[in-house]
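Residue numbers (our numbering), protein chains in the order written: chain A, 138 to 634; chain B, 138 to 634.
Written out below as structure tokens is the structure these notes cover.
Number of protein chains: 2
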Amino acid sequence: MYEDRIRRPALMDKVMTAEQAARLFKNGMTVGMSGFTRAGDAKALPLALVERARQEPLNLTLLTGASLGNDSDGLMANAGVVARRMPFQADAALRRKINSGEVMFIDQHLSETAEQLRSGDLKPVDIAVIEAVAITPDGGIIPTMSLGNSANFAQQAGKIIVEINLSAPLALEGFHDVYIPGARPHRGAIPLLAPWQRMGWTSIPVHPDRIAAIVITDSPDSPSNALPPDDETDAIARHVIAFLEGEVKAGRMGPELRPLQAGIGTIANAVLHGLIDSPFRDMTMYSEVLQDSAIELLDSGQLSMASASSITLSAAMHEKFIRNIEQYRERIVLRPQEISNHPEVVRRLGLIALNTALEFDIYGNVNSTHVGGTHMMNGIGGSGDFARNAQLSMFVTKSVAKDGAISSVVPFAAHVDHTEHDVDVLVTEWGLADLRGLAPRERAPLIIENCAHPDYRPQLRAYYAEALKGGGQTPHVLEQALSWHARYKREGSMLVK
Amino acid sequence: MYEDRIRRPALMDKVMTAEQAARLFKNGMTVGMSGFTRAGDAKALPLALVERARQEPLNLTLLTGASLGNDSDGLMANAGVVARRMPFQADAALRRKINSGEVMFIDQHLSETAEQLRSGDLKPVDIAVIEAVAITPDGGIIPTMSLGNSANFAQQAGKIIVEINLSAPLALEGFHDVYIPGARPHRGAIPLLAPWQRMGWTSIPVHPDRIAAIVITDSPDSPSNALPPDDETDAIARHVIAFLEGEVKAGRMGPELRPLQAGIGTIANAVLHGLIDSPFRDMTMYSEVLQDSAIELLDSGQLSMASASSITLSAAMHEKFIRNIEQYRERIVLRPQEISNHPEVVRRLGLIALNTALEFDIYGNVNSTHVGGTHMMNGIGGSGDFARNAQLSMFVTKSVAKDGAISSVVPFAAHVDHTEHDVDVLVTEWGLADLRGLAPRERAPLIIENCAHPDYRPQLRAYYAEALKGGGQTPHVLEQALSWHARYKREGSMLVK
């Protein structure tokens, strides 16, 4: 049994149930789990840990690549298993625990967690739980649909638990490129000069003695929960494409553009989907996650290849991807998130970065994380890794939320994740503001007139006119700067009636 | 005459007065001038441009390395010569013009200006004005006390004006390492693996035909305006040193620490000065500017070498430096600011970054630039380049300003230049808050109790207690979040009487 999945016979002894493997955990441990944007997460151990926490206290620090699927984050949070969580999450139940202060959430740039572990700035990982397609004869772990921080966790953990997922096709072997930078300060450059380049192993190299348990599972990843494109995301896509056509026309890039990065979620997915009708050819992606749109662009031939840390698809697209997997073998590379998001590589390749804002202010400061300035949505994810170092840093959002009660364009961002220094272009369904080379006083009218919903433009103009009276590089009326958020909380709408 | 300074005889024809050279400029042009933190700035052309603007309209876009000396920025601003300015300044008169909206100031990460010029995201430089020690036989320009963006300006400009400064010793030849990254997306890694490494030329290579004018000057750089250490900066230095001793003890680094970066100004200079009494040995610097303290540490032998983009010294230290210049030849490297501040290199070397905050909030968001949230002080400079990518990102400030009327620790930063994601350690004269691996709710009490002035702690505690009632990852009372700044404006003090 499992000879094709566990290719080192001596490791057969380590096969056990998730319940047995869960006994390796102790209260207070730091655990690193595979999983990035619902892809490649461990399926059995989260549930087994929830069970164990019913019998005895089990408060863990949980690190992952990014968000988990299968409601694992919520189930573990509700069972009290997760006391501390980093670097990202996207689960409704866990979010509640975070915002109530029951779970300490450390919101990090996704490229930095591995570096901080390696530097000793974070407590070391005691146990790594890694979902795998198979284990090689020398003990190498072949990951499934994401790579995330798995290689770093496995390299550092005292014990490794491998979940062999029988539903993950063996054909995934060869998609991964496992490269781990050395310790600082004496390390070399990351030798990646193009999105398609491979520089590492196809499995995570670990000494087989450190594999403490192997658990067999058979359930698939949770499908993507991105919504289909709509009129507004279509409009956003059109503005982005028109802008990029202008860049090509101005000679700043060719019709292959620059390597594309697109954040997780509905809007970024829709914008990429819109590229199918664009004139661009021979594009590449250097991103953190591949959604349905990336596969569509590979199929249409406009995308020649795609590099990322995970593949997160709808159920239908997943089925199609697996059926035709050989078509993608030479065209997709899965990397550790430290590499997919690395500032060194992002700056060198000069990406076009496309990320989603919750809100932005009239000067171009972006809030990606905090609803109303206080409550965590998901986390900053890779948006900072990309926005800071990309050649073109674009942020997209719909101009209003909650049926118009919330304006995504506000006088003052109630939480700042990306400062005006790192934001080149803002886009809503109403239009696009190209902020490159502009001072704050030049940015404000452009953002208000091009991006804000028409219903909110008079209010924004009035705020800016009032602010100008006080002068400054970045004029504000401090007493009113956050009043829109307060009004929404008080009256249910940011709009002045 | 000048044979030792103009070593290509054919260029002797190009020697002219600054007034003659100023006639090359046309209204609306983009001009790139040498100069970084008052070091190596052009001395004659700024004054000649001011003169010319008396006769005819001359509104220029002025790019530099960083701040200029000799009141050049102010004189040019007052004469209307500077219509647009980037990426940094530190002049009182120019600051007034910026804050009144008369000059458009684009505040940039100092590593990014050159990249944006190369990518065509900024309008190209028409004329470069570069202060030089000499011109080599093949037309290479040997810079003076800074390198800044000079090589990039010279590479791109249609015409180059060289100011040969006779007061700059010929012995400066050999201190510079001119390396310019290629255009994206097809460029290699920056081959810098250690602070002392050299990889380029000792002069800026340009075709001699592009040198349109040579102007002879003889006046020195403006001396540094950093203030001497005081009791509070001494206390800050002690906290920093004790913390770094803890890092060594914990095994996270050796007694050579990591390459050090320290921002311009009094506090960073004082902290470095404090290292003279520290147990650390064989340290290196990889910074953007070397101040008096760096020379002191080189002299004491604790610093083995220092890399930066400029040398900005007091008059006495400058005189000593020039007198003993041969002692420093093998121990100082001057680089383009794109390289001294490059995210790729900063991340690879794992720097300890020490920068000055204007204010920070109880969650660790830092304001480096905007007084009262609206009025520009100097600019973000290199602080973002370093803070984002350093292994340890520290921000220092005195806990109060204006005799206690302003608290540097506030509920909500009135302008955010560095987000909580990029800030590891905060230090005031009262103490140090180590924020690594902490969630916002863990950060707030630590920052309040360790860093805030005791007079302001009760107010901060009360704000935080009130904020907690509303919940969230980052609790705030939006109506009160910016009220401290408003109170200062209204009542002259942030302190509630």
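The beta carbon of each residue, even a glycine, is placed where N, CA and C say it ideally should be.
Annotated three-state conformation of residue 398/A is strand, per DSSP. Taking the Cα positions, residue 325/B is about 28 Å away from residue 223/B. Distance between residue 560/A and residue 275/A, taken at the CA atoms: about 46 Å. The beta carbon of residue 353/B lies closer than 6 Å to those of 301 in the same chain, with the five residues before and after it left out.
Here DSSP, grouped into helix, strand and coil, assigns residue 169/B to strand. For the region 611-634 of chain A, the set of residues with a beta-carbon nearer than 7 Å to any beta-carbon of chain B comprises 611, 612, 613, 615, 616, 618, 619, 622, 623, in chain order.
By the neighbour-count criterion, in which 16 or more other beta carbons inside 10 Å mark a residue as buried, residue 591/A falls on the exposed side. Counting along the chain, residue 627/A sits inside the alpha helix (DSSP H) bounded by residues 620-628. In the DSSP assignment, residue 176/A is bridged to 173/A.
For chain B, the residues of the region 213-239 of chain A that bring a beta carbon within less than 7 Å of one of its beta carbons are 235, 236, 237, 238, in chain order. Residue 607/A has a beta carbon lying within less than 9 Å of a beta carbon in chain B. For residue 386/A, the number of other beta carbons within 10 angstroms of its own is below 16, and it is reported as exposed. Interface flag for residue 521/A against chain B is set, since a Cβ pair is found closer than 9 Å. The contact set of residue 256/A on chain B, defined by CB atoms closer than 8 Å, consists of 389, 487, 528 in chain order. For residue 242/B, the residues of chain A that pass the 8 Å Cβ criterion are 576, 610, in the order they occur in the chain. Proximity to residue 505/B across 454/B, 160/B, 448/B, 402/B peaks at 402/B, based on C-alpha coordinates. The C-beta separation of residue 318/A from residue 475/A comes to about 7 Å, placing the pair in contact by the 8 Å criterion. Residues 276, 277, 278, 291, 292, 297 of the same chain have their beta carbon placed closer than 8 Å to that of residue 343/B, with the five preceding and five following residues left out of the count.
Proximity to residue 203/B across 217/B, 243/B, 186/B peaks at 243/B, based on C-alpha coordinates. Counting C-beta pairs with one atom in each stretch, the region 562-580 of chain A and the region 616-625 of chain A have fewer than three that are closer than 8 Å, which means they do not touch.
Residue 485/A sits buried, since 16 or more C-beta atoms from the chains shown fall within 10 Å of its C-beta. With a threshold of 9 Å between beta carbons, residue 513/B makes contact with chain A.
In this structure, residue 169/A places its C-beta atom within 9 Å of the C-beta atom of residue 287/A. Relative to residue 145/A, the option among 272/A, 191/A, 268/A, 194/A whose CA is nearest is 272/A. DSSP lists 504/B as the bridge partner or partners of residue 496/B. Less than 9 Å divides the Cβ of residue 449/B from the Cβ of residue 175/B.
Out of 463/B, 563/B, 440/B, 472/B, the CA that lies nearest to the CA of residue 498/B is found in 563/B.
Taking a contact as a CB-CB distance under 8 Å, the pair residue 360/B and residue 452/B counts as one, their CB atoms being some 4 Å apart. Excluding its 5 nearest sequence neighbours in each direction, residue 350/A has C-beta neighbours in its own chain below 6 Å: 151, 153, 158, 298, listed in chain order. Against chain B, the CB of residue 548/A has no partner CB under 9 Å away; the residue lies outside that interface. Excluding sequence positions up to five before and after residue 332/B, its CB lies within less than 6 Å of the CB of 396, 421, 423, 444, all in the same chain and listed in chain order.
If you look at residue 199/A, you'll find it in the beta strand (DSSP E) that goes 197-200. Excluding the 5 residues flanking it on each side, residue 547/A has same chain C-beta neighbours closer than 6 Å at 496, 498, 621, in chain order. Residue 535/B sits in coil when the DSSP states are folded into three classes, being neither helix nor strand. Secondary structure at residue 302/A: strand, using DSSP grouped into helix, strand and coil. DSSP, reduced to helix, strand and coil, places residue 330/B outside both helices and strands of the structure shown, so it counts as coil.
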